[in-house]
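S.K.: First the structure, which I've put down as structure tokens, then a few questions once you've had a look.
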Amino acid sequence: MKKLELHWKILIGMIAGLLFGFLMKNLEQKGIVVDWIKPFGTIFINLLKMIAVPLIVVSLIVGLADLKDISKLSKLGGRTVLFYMGTTIFAVSLGLVLANIVKPGRFINEASRKSLLENFSGDASQKIDLAEKAKTSGPLQPMIDIVPDNFFKALSDNGSMLQVICFVILLGIGLILIEEEKAKPVVDFFKGLNDVIMKIIDVIMLFSPYGVFSLMAALMVEIPDFSTLAALGIYGLTVLLGLLIMVFVLYPTLLIVFAKVNPIQFFKAIAPAQLLAFSTSSSAATLPVTMECVTEHVGVDEEVSSFVLPLGATVNMDGTSMYQAVAAIFIAQAMLPHSLDLHTQLMIVVTATLASIGSAAVPSAGMVMLVIVLGQAGIPEAGLALIFAIDRPLDMCRTVVNVTSDATVATIVAKSVGKLKQFPLEK
1 MKKLELHWKI
11 LIGMIAGLLF
21 GFLMKNLEQK
31 GIVVDWIKPF
41 GTIFINLLKM
51 IAVPLIVVSL
61 IVGLADLKDI
71 SKLSKLGGRT
81 VLFYMGTTIF
91 AVSLGLVLAN
101 IVKPGRFINE
111 ASRKSLLENF
121 SGDASQKIDL
131 AEKAKTSGPL
141 QPMIDIVPDN
151 FFKALSDNGS
161 MLQVICFVIL
171 LGIGLILIEE
181 EKAKPVVDFF
191 KGLNDVIMKI
201 IDVIMLFSPY
211 GVFSLMAALM
221 VEIPDFSTLA
231 ALGIYGLTVL
241 LGLLIMVFVL
251 YPTLLIVFAK
261 VNPIQFFKAI
271 APAQLLAFST
281 SSSAATLPVT
291 MECVTEHVGV
301 DEEVSSFVLP
311 LGATVNMDGT
321 SMYQAVAAIF
331 IAQAMLPHSL
341 DLHTQLMIVV
351 TATLASIGSA
361 AVPSAGMVML
371 VIVLGQAGIP
381 EAGLALIFAI
391 DRPLDMCRTV
401 VNVTSDATVA
411 TIVAKSVGKL
421 KQFPLEK
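Read in order, the letters of the sequence shown correspond to residues 1 to 427 in this note's numbering.
Following this line, the structure appears as structure tokens:
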């Protein structure tokens with residue numbers, strides 16, 4: 001085991017956890033897994049989340065200070081936002097196209113529809129209530145939310161990552177603008193702290209196979225019965241098809257065209273982050289590993305990865321955007337007697353793109369944003385109950401896409417500014 005690469009250890013832990021969970025589910029020993037196994041998975045996620053914000057703060061300060069020029073920051077930021085917006089719009093559009101071709105809502109029978117609406121109406125109501133709070137805000141509220149009134153308060157909340165990034169960017173700009181000899185002690189301190197944090201991540205990752213085992217075992221015993229999942233099979237397969245197109249068609253094409261990178265080498269390099277994203281369903285929890293993989297194995301310079309990846313973990317949710325589009329059309333097909341017109345579907349593209357930016361990098365946050373998409377399109381929000389049964393496994397898959405997108409854009413941006421150290425296409 002000691003000689004195995006990390007992604008193989010994580011994969012073994014994942015498979016072993018699923019098999020153990022399946023066995024305990026059949027032996028009707030769910031309580032043992034929930035009480036004695038699942039807590040270790042929760043501890044593992046908490047460890048990753050604990051180190052995520054310090055990592056963002058330190059690495060972003062170091063990266064920005066190394067730029068030594070405001071114009072470089074402008075170039076970096078512009079290209080990052082351009083690619084993030086482009087991939088998100090593509091993801092939403094792809095979801096709409098697939099949902100209109102497959103029409104997954106037509107495959108769910110009346111009995112299954114009623115059963116799902118009854119069983120998951122409480123869960124749906126909770127998400128609808130959360131979304132109502134977001135909808136009562138003004139149109140510029142997202143801009144207000146980016147600027148913290150108390151930086152230390154923002155530091156204490158993983159959901160306030162954009163606020164942390166806002167302050168840290170200002171701090172980095174300040175370090176660029178003052179005299180270099182005055183900035184050097186501050187930069188040296190954060191560089192040393194950055195090395196310490198990266199070493200802490202290495203220590204946490206020693207626990208990753210066991211944490212993943214616990215998470216997968218808990219998932220298996222808590223998943224609804226397979227007859228319920230079968231009723232949503234076509235919907236689930238439509239979402240998975242879209243996610244597969246994103247991972248195996250869109251991102252490899254972008255890597256080859258814009259970064260001259262071999263996609264096979266790229267996927268091998270970021271495999272630990274992808275597997276961890278699948279296990280935790282959280283871009284934020286996966287961020288420390290994503291940064292390590294992209295910097296050390298892909299060859300992206302730290303000043304690029306430390307800016308692009310934390311921003312991506314907060315605002316770039318391709319998998320979530322694609323799922324929102326498919327889910328919206330699926331619920332409309334299952335709940336409405338008529339099809340959505342072109343104008344309504346175009347508005348779904350706009351709303352889902354903006355909603356994905358507001359989605360927190362935590363499990364099931366996309367559900368809350370989906371309520372806003374449904375409301376805008378005139379689709380019954382209660383229909384959210386139809387997709388709850390299968391949301392967790394799909395959430396795991398779309399988080400893999402979110403993380404892969406972040407890593408892809410970081411690689412492309414690094415190549416565009418001459419900060420990609422390896423991975424030529426010829427190799």
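Just so you know, even glycine gets a beta-carbon here, dropped at the ideal spot from N, CA and C.
Quantities reported herein were computed from a predicted structural model and do not represent experimental measurements.
1) Alpha carbon to alpha carbon, how far is V371 from P209?
2) Specify, as a first and last residue, the run of the alpha helix (DSSP H) that K188 falls within.
3) Less than 8 Å between the CB atoms is what I'm expecting for A385 and A124, so what's the real figure, rounded?
4) Could you tell me the distance, in whole angstroms, from the CA atom of I128 to the CA atom of P148?
5) Say whether chain B places a C-beta atom closer than 8 Å to the C-beta of A334.
6) For the 8 Å Cβ check, are there 3 or more pairs between the region 412 to 419 and the region 242 to 259?
7) Assuming F213 contacts G17 (C-beta within less than 8 Å), just tell me the rounded distance between them.
8) As a quick exercise: from I37, Q376, V186, G159, pick the residue whose alpha carbon is nearest that of G172.
9) Among the candidates L94, L346, F40, V400, whose CA atom is the shortest distance from the CA of G312?
10) Kindly indicate the opening and closing residues of the alpha helix (DSSP H) around D149.
11) By the three-class DSSP mapping on this structure, what secondary structure does L336 have?
12) Quick check on I45: buried or exposed, where buried means 16 or more other Cβ atoms within 10 Å of its Cβ?
13) Can you find the residues in the same chain that come closer than 8 Å, C-beta to C-beta, to V247, ignoring five residues on each side of it along the sequence?
14) Applying the 10 Å Cβ sphere with the 16-neighbour rule, what's the burial state of R79?
15) Under the three-state reduction of DSSP, which class applies to V261: helix, strand or coil?
16) Starting from the C-beta of L243, find all residues in its chain whose C-beta is less than 7 Å away, skip the five residues before and the five after it, and write them out in chain order.
17) Can you round the beta-carbon distance between A410 and V294 to whole angstroms, since I take them to be within the 8 Å contact cut?
18) Since M198 and E292 are thought to touch, with beta carbons under 8 Å apart, how far apart are those beta carbons, to the nearest angstrom?
19) Counting only runs of 4+ residues fully inside the region 45 to 114, write out the alpha helix (DSSP H) ranges in chain order.
20) Would you say A273 and A407 are within 8 Å of each other, going by their C-beta atoms?
21) From S281 to E179, what does the alpha carbon distance come to, in whole angstroms?
22) Classify V403 as helix, strand or coil using the three-state DSSP reduction.
23) W36 to G86, Cα distance in whole Å?
24) Near A332, what residues of its chain come up, given a Cβ to Cβ distance below 6 Å and the 5 sequence neighbours on each side ignored?
25) If you draw a straight line from the C-alpha of L342 to the C-alpha of T314, how long is it?
26) Taking the alpha-carbon positions, what's the L309 to D301 distance?
27) Tell me the DSSP secondary structure of L420 in three-state form.
28) I need the straight-line Cα distance from A154 to S160, nearest angstrom please.
29) Would V164 and V304 be called neighbours here (beta carbons separated by less than 8 Å)?
30) Would T42 be called buried (16 or more neighbouring beta carbons within 10 Å of its own) or exposed?
31) If you draw a straight line from the C-alpha of I56 to the C-alpha of L27, how long is it?
32) Are there 16 or more other CB atoms within 10 angstroms of the CB of E296, so buried, or fewer, so exposed?
33) Roughly how many whole angstroms lie between the Cα atoms of A111 and V350?
34) Thinking C-beta only, is I223 closer than 8 Å to R392?
35) Using DSSP bridges, identify the partner residues of V300.
M.R.: Checking against the coordinates, here is how it stands:
1) Translated into positions along the sequence shown, residue 371 becomes position 371. Translated into positions along the sequence shown, residue 209 becomes position 209. Using only the alpha carbons, I get a separation of about 35 Å.
2) What you label residue 188 is simply residue 188 of the sequence shown in a count that begins at 1. Contrary to the premise, residue 188 reads as Asp rather than Lys in this sequence. Element bounds for D188: 180 to 205.
3) Working through the sequence shown from its first residue, we reach residue 385 at position 385. Working through the sequence shown from its first residue, we reach residue 124 at position 124. Rounded, the Cβ-Cβ distance is 4 Å, consistent with contact.
4) In the sequence shown, counting from the first residue as 1, residue 128 sits at position 128. In the sequence shown, counting from the first residue as 1, residue 148 sits at position 148. Approximately 26 Å, taken between the alpha carbons.
5) Here chain B cannot be found, since the structure has a single protein chain.
6) yes
7) Along the sequence shown, one-based indexing puts residue 213 at 213. Along the sequence shown, one-based indexing puts residue 17 at 17. Contact flag correct, Cβ pair sits at about 4 Å.
8) Numbered from 1 along the sequence shown, position 172 holds the residue referred to as residue 172. When only C-alpha atoms are compared, the closest one is V186.
9) As a first step, residue 312 is located in the sequence shown; it is residue number 312 there, counting from the start. Answer by Cα proximity: V400.
10) Counted from its first residue, the sequence shown places residue 149 at position 149. No alpha helix (DSSP H) holds D149; DSSP gives it neither H nor E.
11) On the sequence shown, residue 336 is found 336 positions in, with the first residue counted as 1. L336: coil per DSSP, three-state reduction.
12) Counting from one through the sequence shown, the residue named residue 45 turns up at place 45. Buried, since its Cβ has 16 or more Cβ neighbours within 10 Å.
13) Position 247 of the sequence shown, counted from the start, is the residue given in the question as residue 247. Contacts found: V400, V401, T404.
14) For the purposes of this step, residue 79 is taken as the residue at position 79 of the sequence shown. Buried is the call here.
15) Residue mapping note: residue 261 aligns to position 261 of the sequence shown, counting from 1. Coil.
16) Numbered from its first residue, the sequence shown carries residue 243 at position 243. Here the set comprises G319, M322, C397, R398, V401.
17) Residue 410 sits at position 410 when you count from the first residue of the sequence shown. Residue 294 sits at position 294 when you count from the first residue of the sequence shown. Yes, they are in contact, since the Cβ atoms of A410 and V294 sit about 5 Å apart, within 8 Å.
18) On the sequence shown, residue 198 is found 198 positions in, with the first residue counted as 1. On the sequence shown, residue 292 is found 292 positions in, with the first residue counted as 1. At roughly 7 Å, the Cβ-Cβ gap stays under 8 Å, so M198 and E292 are in contact.
19) 70 to 102
20) What you label residue 273 is simply residue 273 of the sequence shown in a count that begins at 1. What you label residue 407 is simply residue 407 of the sequence shown in a count that begins at 1. Closer than 8 Å, so yes.
21) For this step, residue 281 is matched to residue 281 along the sequence shown. For this step, residue 179 is matched to residue 179 along the sequence shown. Cα to Cα, the separation comes out at about 43 Å.
22) Counting from one through the sequence shown, the residue named residue 403 turns up at place 403. Looking at V403 - three-state DSSP - the assignment turns out to be helix.
23) The residue given as residue 36 occupies position 36 in the sequence shown. The residue given as residue 86 occupies position 86 in the sequence shown. Distance between the alpha carbons of W36 and G86 is about 44 Å.
24) Position 332 of the sequence shown holds residue 332. Correct list, in chain order: L340, I379.
25) Here residue 342 is taken as the residue at index 342 of the sequence shown, counted from 1. Here residue 314 is taken as the residue at index 314 of the sequence shown, counted from 1. One C-alpha to the other measures close to 30 Å.
26) As a first step, residue 309 must be located in the sequence shown, where it is residue number 309. As a first step, residue 301 must be located in the sequence shown, where it is residue number 301. Spanning the two alpha carbons is a distance of roughly 12 Å.
27) Counting from 1 along the sequence shown, the entry for residue 420 is found at position 420. Looking at L420 - three-state DSSP - the assignment turns out to be strand.
28) As a position in the sequence shown, residue 154 is number 154, starting the count at 1. As a position in the sequence shown, residue 160 is number 160, starting the count at 1. If you take the alpha carbons of A154 and S160, they lie about 5 Å apart.
29) Reading the sequence shown from its first residue, position 164 is the one you call residue 164. Reading the sequence shown from its first residue, position 304 is the one you call residue 304. Contact flag unset, no.
30) If you number the sequence shown from 1, residue 42 lands on position 42. Classification of T42: exposed, given that the 10 Å Cβ count is below 16.
31) As a working note, residue 56 is residue 56 in the sequence shown. As a working note, residue 27 is residue 27 in the sequence shown. Spanning the two alpha carbons is a distance of roughly 44 Å.
32) The residue given as residue 296 occupies position 296 in the sequence shown. That one is exposed.
33) Position 111 of the sequence shown, counting from 1, holds the residue named residue 111. Position 350 of the sequence shown, counting from 1, holds the residue named residue 350. So the alpha carbons of these two residues sit roughly 34 Å apart.
34) Residue mapping note: residue 392 aligns to position 392 of the sequence shown, counting from 1. Residue mapping note: residue 223 aligns to position 223 of the sequence shown, counting from 1. Yes, Cβ-Cβ distance for R392 and I223 is below 8 Å.
35) Indexing the sequence shown from 1 puts residue 300 at position 300. For V300, which the question treats as bridged, DSSP gives the partners L420.
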